[in-house]
Each structure stands twice: as C-alpha cells, then as structure tokens.
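Notes follow once the structure below has been shown.
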Amino acid sequence: MRRPFEVFLAVSAGLILAFLLLPILALFLRIPPEDLLSQLTSQVAVDALLVSVKTSVIAHAVVLLLGTPTAYLIATRRFRGRSLVLTLIELPLVLPPAVAGIALFAAFGRAGLLGETLHAAGISIPFTQTAVVFAIIFVSSPFYIRLGIAAFEALDPALIEASRTLGAGPRRTFFRVALPLAAGGLSAASALAFARGLGEFGATIMFAGSLQGVTQTLPLAIYAQLDLDFDIALALGAFLVVVSVAVLLTVKLLPSWTRFTLISLAPSGRSD
Amino acid sequence: MDTLHVDLARSLRAFRLELALEFDGVVALAGPSGAGKSTVLRTIAGLTRPDSGRIALGKTLWFDSETNVDLRPEERSVGLVFQDYALFPHMSVADNVAYGGGRKSAELLARFGIESLARLKPGELSGGERQRVALARALARDPGVLLLDEPLAALDSHTRARVRAELRGLLKGLDLPTLVVTHSFEDAAALTDRIGVLVEGRLVQMGSAADLVAAPTTPFVADFTGANLLTGSARTAGDGLTEVHLTDGVRIVSTDQLTGEVGAVVHPWEIGIARSMPLDSMQNHVRGAIESLVPVANRMRVRVGPLTAEITAESAARLALQPGDEVVASFKASGTRLIPLG
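Have a look at this one:
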C-alpha cells in the first residue's frame with residue numbers, strides 16, 4: 000500500500016497533465032489526419048501560411064540583425080543606465096498583447112506620434128504587412144535579446160580579453176570569439192523568439208487587422224475560421240502544434256551544440 | 000631587449016596598489032592571493048586602467064596618466080598567458096596559436112613540441128599541453144613583453160614539478176622582459192633569480208630566492224619563504240650577541256644586532272633534533288613534544304612547539320621518532336636572523 004502523500008503527488012500530476020494534453024490531442028483526434036492535411040490546402044490556409052512565413056522571416060531577420068549586437072553590448076559593457084535599458088527591453092515581455100497593439104497604433108498610426116511624419120512621406124503602416132512585421136518584432140525581439148544577453152554573459156570574459164591581447168580589435172573579437180562561442184545559446188534564443196513571433200495574435204489583430212492574403216497570419220486565420228469552417232481552424236491549429244514541437248525539440252537538443260562554452264569553464268582535462 | 004618601465008597606482012577594495020618596477024629579463028612577482036598581482040599584469044596588458052602612472056616599453060609609451068596616453072590592449076606589444084590559459088575552445092591548437100599572427104605559428108608549434116596536437120581542440124589536451132599552447136599563442140604575435148599569470152596553478156602537483164623546470168629554461172631563452180605572477184614562493188624561485196614580493200599592493204622586498212630566504216626584511220617574507228618565525232623582545236647580551244625572550248618564555252640568542260620587538264627567523268634545515276639536551280656548539284634549544292612527523296622526499300619534517308625542523312629520513316629512523324616523544328630542537332645563534340617587527 001503506497002503512502003497517502005505519494006498518491007496525492009501522483010494524482011495532482013495526472014490531473015494537470017490530462018488537462019494540458021486533452022485539448023492538444025483533441026485537435027488531432029476530432030477529424031481524421033488525411034482530412035486535416037486536405038484542409039491545409041484550402042485557399043484560406045495557404046494564404047495564411049504564406050503571410051505568416053513572409054512576415055515572420057522578415058521580422059526575424061531584423062530581430063537577429065539588430066538584436067544580436069544589442070545583446071552583446073548589454074552583456075559585455077557596464078554603463079550608466081544599463082539596468083534601465085534591461086528593464087525597458089523586458090517590458091514588452093510582460094505587456095498584455097492588446098496594450099502592445101494600441102501602443103503600436105499610438106506610435107505609427109495615422110493620428111500617432113510619428114503619424115504625420117510618415118503620412119507626409121507617403122507611408123501608411125496600419126493594416127499592412129509592414130504592420131504585421133512591426134507587431135512581430137515588438138513581441139519577439141525582447142525575447143531574443145533577453146536570452147541573447149544570457150548567452151553572451153555565459154562566455155568566459157578571459158576569452159574576450161585573450162583575444163584583445165592577441166592583437167584582435169573589438170570587431171574581430173566579436174566575430175571570431177564571442178559569436179561562435181555564444182552560437183548555441185543564440186540559436187536557442189532565436190528558435191524561441193521565432194515561435195513567439197509566429198504565434199503573435201493580439202497586437203497583430205489590433206494593429207494590422209485580419210485581411211486574408213495580406214495581414215491574416217496563421218493564428219488570425221484560426222480565429223477567423225472558427226465560425227466559418229471549424230475543420231480549417233482545427234487543421235491550422237494542428238499545424239502550429241507540430242511547428243511548436245519542432246521548436247521545442249530544437250531547443251532541447253541545443254546543449255550538445257553549446258559544449259564549447261562549457262569546456263572553457265571546466266578545469267584542465269586529463270592530467271599527464 | 001627593451002626595458003619595461005612600470006609605475007602605477009590604483010585603489011583596490013582593501014588597499015592601494017602602488018608599484019614601480021623597471022626590468023628586462025625574467026622577474027617574478029610573488030605574494031599571497033589578493034595582493035594585487037593579477038591587477039599589475041592586467042594593467043600592463045591594458046585590460047584595466049590604473050588611477051595614475053606610466054607604462055612604457057623602451058621608448059614606446061603605453062600608458063601615461065599625465066599626457067592621457069592609453070593604448071588599447073591590441074595596440075600593446077604584449078603576450079599574456081592567462082591563469083586558466085583562456086584557450087579558444089572552438090578552435091584547434093593550430094588556430095589558437097595562429098590567432099595572434101600566422102607567420103610564426105608553425106615554427107612555434109615545432110619549438111614547443113605540440114605539432115602533433117595541432118588539430119586537437121583545447122578540451123582534448125592535458126594541463127601541461129594547454130600551458131604550452133597558451134605560451135606559444137602568446138608568443139606568436141612576437142610581443143615585446145611576456146606576462147604570465149600563475150602559469151603553474153592550473154597544473155596538478157606531478158605535472159607542475161616537470162613543467163616548472165622546462166619553463167625556467169624556456170623563459171630565460173626568450174630574451175624578453177617577462178613578468179611572472181605567482182602565489183607560490185617555490186614556483187617563483189624555480190622560475191627566476193629575481194623575485195619581488197608583493198603584499199597588499201606594495202613591493203616589500205626584491206631579490207634572489209637566496210636573498211629572500213637568507214635575509215627577509217619583513218616577517219611576511221620570512222613566512223612566505225617557508226622559514227620559522229619566532230616573535231619576542233630582543234636586548235643586547237654579552238659577546239656581541241643578542242638575547243631574545245620569545246613570547247612563550249624560551250630564551251634564544253642570535254649573532255644579529257637588534258633590540259626591541261623582533262622576529263627571529265630560523266630555517267628548518269638549520270634545526271637539529273635530539274632525544275636529550277645535546278653537548279655541542281648549538282646555543283639555542285627548544286624542548287617539547289613532537290606534534291607531527293611528515294615525510295618529504297628523503298627528509299622528515301618534524302614539528303616541535305613553534306618550530307618546524309627538517310632532518311634526513313635516515314636520522315629520523317635512527318632516533319625512532321614518534322609523535323608525542325619529548326625531544327630537544329637545537330639551532331645555532333649564527334643561523335638565527337633577526338628582523339624588526341611592527
């Protein structure tokens with residue numbers, strides 16, 4: 000006979016796991032797999048997929064290009080106001096998506112802070128694909144930068160210093176030492192940020208709307224199809240589950256790629 | 000060979016580091032952990048800035064607080080071997096050595112006997128091998144100054160003894176101003192004949208290992224070199240001798256002339272051990288029970304009261320010494336150095 004406490008632990012875990020798994024299983028079990036696949040070829044699904052891929056890839060490229068140097072700067076320099084900058088970067092992480100949407104409007108909308116300037120230049124952002132990209136960058140870049148800082152901070156500072164004393168300037172040190180050694184951590188950060196951007200819903204629907212083939216991303220299409228064609232909504236949901244599992248597996252497999260970083264921290268290996 | 004001029008001042012957490020050094024050849028900076036040794040190296044390399052001072056190699060100025068000269072680390076002709084070697088873990092041995100400048104790297108791999116390791120990653124090397132790679136890498140840039148931070152600390156004791164001997168010859172042959180930082184007097188003595196002892200940011204004594212052992216100017220140096228240090232008050236006795244009343248009541252004499260509060264320095268190998276009071280030329284005797292017996296190679300280290308004596312293992316066996324035995328530790332007045340305290 001098991002002790003009551005062990006039973007309590009097992010029952011708690013069982014209940015919560017069942018609650019988490021049941022909806023995900025339901026996505027796949029409600030209609031047969033071949034129907035799921037055929038629903039993915041419907042026009043709405045294909046349009047949403049194309050919009051999502053295009054906007055996510057562009058947004059992610061911007062996030063990587065600007066986020067990586069930002070993360071390196073914050074991780075390796077000590078300057079006045081550093082913790083303020085860190086807090087500002089973390090803020091969008093906890094911001095409700097609806098607030099992100101209205102904030103983007105307030106900044107880039109017709110009546111927004113930069114509205115007149117943009118209008119004068121003939122640029123209108125809201126309800127365009129650019130707006131989708133903006134929304135994705137707004138929610139996913141803090142994710143990438145925060146994790147990227149952690150990846151660069153995990154580097155042994157002596158390696159950076161060694162590079163400098165060997166005659167390499169800051170730029171060469173970044174590309175030859177810091178970036179390759181942080182690659183594992185940055186890849187994990189990149190995968191998680193990409194997944195976060197792909198799933199973006201709240202800010203996008205407010206700032207970019209949900210126009211099929213233009214601004215309707217996968218999550219927006221699921222919402223739009225809920226009342227129109229439940230099977231398409233199910234198929235898109237199942238598809239995003241598969242993508243999410245792939246992202247999680249990528250991140251879980253990363254530790255074996257990051258082993259360089261760990262070796263440098265360990266004391267000397269075999270003795271002779 | 001150019002001369003390295005170092006004159007620097009910097010406030011650290013608990014004390015102020017103030018050091019003026021001018022040297023070519025190999026110099027060791029020895030002292031306890033936290034004495035500011037690594038800060039000296041990092042300052043010379045340009046990795047950290049002193050509050051004020053001047054650093055120059057020959058006629059090339061690297062740092063001068065008065066004229067606002069401060070070269071970046073990559074602009075200083077310096078090779079720094081880090082304590083844990085800081086080899087780039089994602090590069091092969093050959094790439095590590097070539098990082099600072101490709102021209103000499105093949106020659107250096109050969110010279111350090113690490114050609115066979117060229118394609119391995121640092122994680123696959125032993126401690127001794129890593130040290131050679133780090134040294135080759137630091138030299139590949141053809142620096143004007145070589146700095147080594149605790150080059151032996153990352154090695155196990157067995158490897159350490161062998162590498163120590165190799166390193167001395169190697170450093171001497173480089174013909175470069177070389178500054179080695181170590182917390183071990185033994186390592187410093189094994190690597191060079193010029194040792195500076197740094198305590199709480201000050202250079203308290205500079206000399207050869209023999210000088211430091213024979214004539215320590217402070218109790219710290221005496222203790223650091225492994226000598227016994229007994230404290231007491233000294234007054235002039237007859238025959239040109241000085242009488243010292245030790246804090247624990249024992250009276251000893253020394254041929255040094257000094258009065259007041261003093262430290263008496265006696266080296267372990269100057270102390271004899273006998274079962275009863277010997278009839279010989281020794282003037283100083285400390286009676287006590289053996290606290291411990293520790294064999295060191297072919298010698299035996301015997302702890303009696305405040306003294307550590309080192310006698311041959313053979314003598315220890317002949318006397319059948321056991322911990323707890325009552326013995327007399329004796330040493331000569333002429334082997335007792337006095338240093339002022341306070």
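Protein chains in written order, with numbering that gives the first Met the number 0: chain A, 0 to 271; chain B, 0 to 341. The C-beta atom is built at its ideal place from N, Cα and C for all residues, glycine as well.
Nonlocal neighbours in the same chain, by C-beta distance under 6 Å from residue i, ignoring five residues either side
i                 : result
VAL10 of chain A  : none
THR75 of chain A  : none
ARG317 of chain B : none
GLY33 of chain B  : none
VAL26 of chain B  : LEU178 and ARG193
Length of the line joining the Cα atoms of residue i and residue j
i                 : j                 : result
ALA152 of chain B : LEU40 of chain B  : 16 Å
GLN204 of chain B : PHE223 of chain B : 12 Å
ALA13 of chain B  : LEU154 of chain B : 29 Å
PRO141 of chain A : LEU185 of chain A : 13 Å
LEU11 of chain B  : VAL77 of chain B  : 24 Å
LEU145 of chain B : VAL80 of chain B  : 8 Å
HIS244 of chain B : ALA139 of chain B : 58 Å
GLY195 of chain B : ASP6 of chain B   : 15 Å
ALA55 of chain B  : VAL52 of chain A  : 58 Å
GLY35 of chain B  : VAL261 of chain B : 27 Å
VAL264 of chain B : ASP83 of chain B  : 35 Å
PRO150 of chain B : LEU320 of chain B : 39 Å
ARG201 of chain B : THR38 of chain B  : 12 Å
LEU190 of chain B : VAL326 of chain B : 37 Å
LEU240 of chain B : LEU340 of chain B : 19 Å
LEU94 of chain A  : ALA192 of chain A : 16 Å
THR69 of chain A  : ALA187 of chain A : 17 Å
LEU21 of chain A  : ASP226 of chain A : 22 Å
PRO176 of chain B : SER314 of chain B : 45 Å
ALA214 of chain B : LEU178 of chain A : 53 Å
ALA12 of chain A  : PRO3 of chain A   : 14 Å
LEU107 of chain B : ASP1 of chain B   : 22 Å
GLY231 of chain B : ARG167 of chain B : 39 Å
LEU173 of chain B : ALA105 of chain B : 17 Å
LEU123 of chain A : LEU24 of chain A  : It is Ser, not Leu, that sits at residue 123 of chain A in the sequence shown. Distance between the alpha carbons of SER123 of chain A and LEU24 of chain A: 42 Å.
LEU46 of chain B  : TRP61 of chain B  : 12 Å
ARG193 of chain B : GLY259 of chain B : 31 Å
ARG48 of chain B  : ALA8 of chain B   : 10 Å
ARG102 of chain B : PHE111 of chain B : 16 Å
GLN211 of chain A : ALA60 of chain A  : 24 Å
ASN67 of chain B  : THR59 of chain B  : 14 Å
GLU115 of chain A : ARG109 of chain A : 7 Å
ILE338 of chain B : LEU228 of chain B : 10 Å
PRO142 of chain B : ALA221 of chain B : 35 Å
Residues near residue i in its chain [Cβ-Cβ closer than 7 Å; skip 5 each side]
i                 : result
ALA194 of chain A : SER243 and VAL246
GLY126 of chain B : ALA153, LEU154, ASP155 and THR158
PHE259 of chain A : Residue placement at PHE259 of chain A is poorly supported in this model, since its pLDDT is 43, which falls under 50; the coordinates still yield a value, given next. Contacts found: LEU180.
LEU85 of chain A  : ILE73
ILE101 of chain A : MET205
ILE113 of chain B : VAL92, GLU128, ARG131, VAL132 and ALA135
LEU264 of chain A : In this prediction, LEU264 of chain A has a pLDDT of 39, which is less than 50 and means its spatial position is unreliable; what the coordinates show is noted afterwards. Within the same chain, LEU264 of chain A has close Cβ partners ASP155.
Whole-angstrom C-beta distance between residue j and residue i, which should lie under 8 Å
i                 : j                 : result
GLY198 of chain A : PRO96 of chain A  : Actually they do not touch by this definition, with Cβ atoms about 10 Å apart.
ILE144 of chain A : GLY66 of chain A  : 5 Å
LEU154 of chain A : LEU180 of chain A : 5 Å
PHE137 of chain A : PRO125 of chain A : Not really, about 14 Å apart at Cβ, beyond 8 Å.
GLY168 of chain A : GLY100 of chain B : Not a contact, Cβ separation roughly 14 Å.
Beta-carbon spacing of residue i, residue j below 7 Å
i                 : j                 : result
ASP148 of chain B : VAL96 of chain B  : no
LEU87 of chain A  : PHE133 of chain A : no
ALA29 of chain B  : PHE184 of chain B : yes
PRO267 of chain B : THR307 of chain B : yes
GLY208 of chain A : ILE221 of chain A : no
ALA164 of chain B : ALA188 of chain B : no
ALA328 of chain B : VAL285 of chain B : yes
GLN282 of chain B : VAL252 of chain B : yes
ALA47 of chain A  : LEU158 of chain A : no
LEU253 of chain A : GLY183 of chain A : yes
VAL132 of chain B : VAL162 of chain B : no
ARG29 of chain A  : LEU233 of chain A : yes
ALA233 of chain B : LEU257 of chain B : yes
Any non-hydrogen atom of the ligand GDP closer than 6 Å to residue i Cβ
i                 : result
PRO294 of chain B : Only the bare structure without any ligand can be found here, which leaves the ligand GDP out of the picture.
Spatial neighbours of residue i in its chain, beta-carbon cut-off 8 Å, leaving aside the 5 residues before and after
i                 : result
LEU169 of chain B : LEU134
PHE87 of chain B  : ASP94, ASN95, TYR98 and PRO121
THR311 of chain B : ASN297, ARG298 and MET299
SER64 of chain B  : PRO49, ASP50, SER51, GLY52 and ARG53
LEU219 of chain A : ALA47, PHE200, THR203, ILE204 and SER209
SER280 of chain B : LYS331
On the three-pair Cβ rule with 8 Å, is the segment 313 to 330 of chain B touching the segment 284 to 291 of chain B? yes
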